[in-house]
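> The structure's right below; bear with me while I get my questions together.
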Amino acid sequence: MCDGNFMNCQNSTEIGLSEQRRPLIVQYLGDTKNNSSLRVFVISGQHGDERYGRKATQRFIARFSKTFESEFPLISLAVLVDANPDGSSIKNRVNAIGIDLNRDHLLLDSKETLAMHSFVNSWKPHVVIDIHNYPSKRKHLLEKNHAYYHDIFIDIPTNPAAQQQLHLDKNQMDDFIKHIQEDLKINGYSCDRYVIISPSGRVRHGTPDITDARNFLSLRYGALTVLLEGRNPTKEDGSDGKEHIVLAQCHALASILQILAETYKKQSIRNIDDFLPSKGDDVAIGSKYVHSKQPLKLTLKNTSTNNLDDVTLSKYTPDLQITKYIELPTAYAVPIRNKRLMEILLRHGFSFYQSDGKKIEN
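Residues 145 to 506 (my numbering) are what the sequence shown spells out, left to right.
If you want it as structure tokens, here you go:
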């Protein structure tokens, strides 16, 4: 599905500059003037050392640059191939001033994340697909002769407030992931839900922290954000293995879009502003992990035999239980002297007023 080489897309725009003034370019596919289409924003390369995710995104553009509108007629696509050009230029995870972009979505301390948020706020995508690469070898797993092996890991927002706000139905989301798994399997790729096994043996599906794109973009803008992780190749993979992983991630992106389009046919997509909480709504601000009654059965690669082992993991905490709500007020009282807080809120587009209603200028 994703053969071909990268070519420049004529329909593009610069959404900002990196810390070292490299352009951040968003490329468009599909009929972006159709207001009734499903808007999807693809981000890759937040981590500069994850080049295979960028390659897969480039491969996708090359494959569909001329046929996207006919193959995905219901979707308008915006693609930021390299969100961290400073980091990618030197194969560094962080940006030029040492910020991990995927941990900066709350503070917006970097020019790159600020540009991404400005674009999301203006273009208002219904869905964001955040593309990464994950390391298959973890020290505590290698000590037990195990490593991750899946070509693709995929997941949805894990923060319970984001799930509540987006009205995510667990069964629907499970089906969404299952459909992608089945499609990839048919085409020769392995896929599972994103999972992290800690050194203590605790198993969870990533962090619920709102500093990353998956949770924060969902929570802040009402845009369902899907995490798409491709396995980072090792020396053992060779050139064929590396190509296989690029194609797997490219195919997974196409599969996600196909499923989104099929869903869009069956039901109308609400305006994303409808997902944002308003005065009087209950908003979750506290949660705790809940242990599953059933252990997780997961397949890992045996590094000694190169065979696949089915393992049972008992410390499985897939879900979070909301422990505290607040009722959303009309406004918050913010101490003007707290310059740091004021700066962060301004970056997110909030306005400030005195008690008499007079607006405080920046």
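Beta carbons: idealized from backbone N, C-alpha and C, even for Gly.
(1) Give me the DSSP bridge partner(s) of L129.
(2) Could you check what DSSP says for I403 in three-state terms: helix, strand or coil?
(3) Which two residues bound the contiguous beta strand (DSSP E) that contains V434?
(4) Please name the residue in T355, F185, A357 and I504 whose C-alpha comes closest to that of I169.
(5) Residues bridged to P269 by DSSP?
(6) Excluding the 5 residues flanking H290 on each side, which residues of the same chain have their C-beta closer than 6 Å to its C-beta?
(7) What is the C-beta distance between G424 and N265, in whole angstroms, given that I count them as a contact (C-beta under 8 Å)?
(8) Three or more C-beta pairs closer than 8 Å, one from the region 191-205 and one from the region 239-246: is that the case here?
(9) When you compare only the Cα positions, how much space is there between K459 and V478?
(10) For S214, is the classification buried or exposed, using 16 other Cβ atoms within 10 angstroms of its Cβ as the cut-off for buried?
(11) Let's see if you can read the secondary structure: which residues bound the beta strand (DSSP E) around F185?
(12) Inspect the beta-carbon positions of P229 and S162 and report whether they are closer than 7 Å.
(13) Restricting to Cα atoms, I'd like to know which of P377, I470 and N451 is closest to S422.
(14) Can you name the start and end residues of the beta strand (DSSP E) that A222 belongs to?
(15) Classify V434 as buried or exposed, calling it buried when 16 or more other Cβ atoms lie within 10 Å of its own Cβ.
(16) Given this structure, state the Cα-to-Cα distance separating M151 from A206, to the nearest angstrom.
(17) Please list, in chain order, all residues of the same chain as I488 whose beta carbon is under 8 Å from its beta carbon, the five residues on each side excluded.
(18) Please classify A291: does DSSP put it in a helix, a strand, or coil?
(19) Measuring CB to CB, does K176 end up less than 7 Å from S233?
(20) Start and end of the alpha helix (DSSP H) containing L328?
(21) Pull up the CB-CB distance for V87 and I330, whole angstroms please, since I reckon it's below 8 Å.
(22) For the putative contact between F204 and A398, defined by C-beta atoms under 8 Å, what is the C-beta separation to the nearest angstrom?
(23) Suppose you measure from the CA of P377 to the CA of A357; what does that come to, to the nearest Å?
(24) Per DSSP, T443 is paired with what?
Working from what's here:
(1) Absent from the model: residue 129. The displayed extent of the chain is 145 to 506, so no value can be given.
(2) As a first step, residue 403 is located in the sequence shown; it is residue number 259 there, counting from the start. It is helical.
(3) Here residue 434 is taken as the residue at index 290 of the sequence shown, counted from 1. Start and end: D426 to V434.
(4) Numbered from its first residue, the sequence shown carries residue 169 at position 25. Out of T355, F185, A357 and I504, F185 has the C-alpha closest to the C-alpha of I169.
(5) Taking the first residue of the sequence shown as position 1, residue 269 is located at position 125. Answer by DSSP bridge pairing: none, since P269 is not bridged.
(6) The residue labelled residue 290 in the question sits at position 146 within the sequence shown. If we look at H290 and ignore the five residues flanking it on each side, its Cβ neighbours are L444.
(7) Looking up residue 424 in the sequence shown gives position 280. Looking up residue 265 in the sequence shown gives position 121. The Cβ separation is near 24 Å, so there is no contact.
(8) yes
(9) Numbered from its first residue, the sequence shown carries residue 459 at position 315. Numbered from its first residue, the sequence shown carries residue 478 at position 334. Approximately 41 Å, taken between the alpha carbons.
(10) In the sequence shown, the residue the question calls residue 214 occupies position 70. S214 comes out exposed.
(11) To locate residue 185, count along the sequence shown from 1; it is residue 41. Looking at the DSSP string, the run of the beta strand (DSSP E) that includes F185 is L182 to S188.
(12) Your numbering for residue 229 matches position 85 in the sequence shown. Your numbering for residue 162 matches position 18 in the sequence shown. Result yes, Cβ atoms of P229 and S162 sit closer than 7 Å.
(13) Residue mapping note: residue 422 aligns to position 278 of the sequence shown, counting from 1. The residue with the shortest Cα to Cα distance from S422 is I470.
(14) As a working mapping, residue 222 is identified with position 78 in the sequence shown. Looking at the DSSP string, the run of the beta strand (DSSP E) that includes A222 is I219 to L224.
(15) Along the sequence shown, read from residue 1 onward, the residue named residue 434 stands at position 290. V434 should be labelled exposed.
(16) Position 7 of the sequence shown, counted from the first residue, corresponds to residue 151. Position 62 of the sequence shown, counted from the first residue, corresponds to residue 206. With a pLDDT of 39 at M151, under the threshold of 50, the predicted position of this residue should be treated as unreliable, though the coordinate-derived value follows. Rounded to whole angstroms, M151 to A206 spans 6 Å at the Cα level.
(17) The residue labelled residue 488 in the question sits at position 344 within the sequence shown. If we look at I488 and ignore the five residues flanking it on each side, its Cβ neighbours are L250, L251 and L252.
(18) As a first step, residue 291 must be located in the sequence shown, where it is residue number 147. In this structure, A291 counts as strand in the three-state DSSP scheme.
(19) Here residue 176 refers to the residue found at position 32 of the sequence shown. Here residue 233 refers to the residue found at position 89 of the sequence shown. Going by the sequence as given, residue 176 is Thr instead of Lys. No, Cβ-Cβ distance for T176 and S233 is not below 7 Å.
(20) Here the question's residue 328 lines up with position 184 in the sequence shown. Where L328 is concerned, the enclosing alpha helix (DSSP H) stretches over K314 to I330.
(21) Because residue 87 is not part of the residues shown, which for the chain are 145 to 506, the question remains open.
(22) Position 60 of the sequence shown, counting from 1, holds the residue named residue 204. Position 254 of the sequence shown, counting from 1, holds the residue named residue 398. So it is a contact: roughly 7 Å between Cβ atoms.
(23) By one-based count along the sequence shown, residue 377 stands at place 233. By one-based count along the sequence shown, residue 357 stands at place 213. Each residue's alpha carbon lies about 23 Å from the other.
(24) To locate residue 443, count along the sequence shown from 1; it is residue 299. Paired residue(s): D454.
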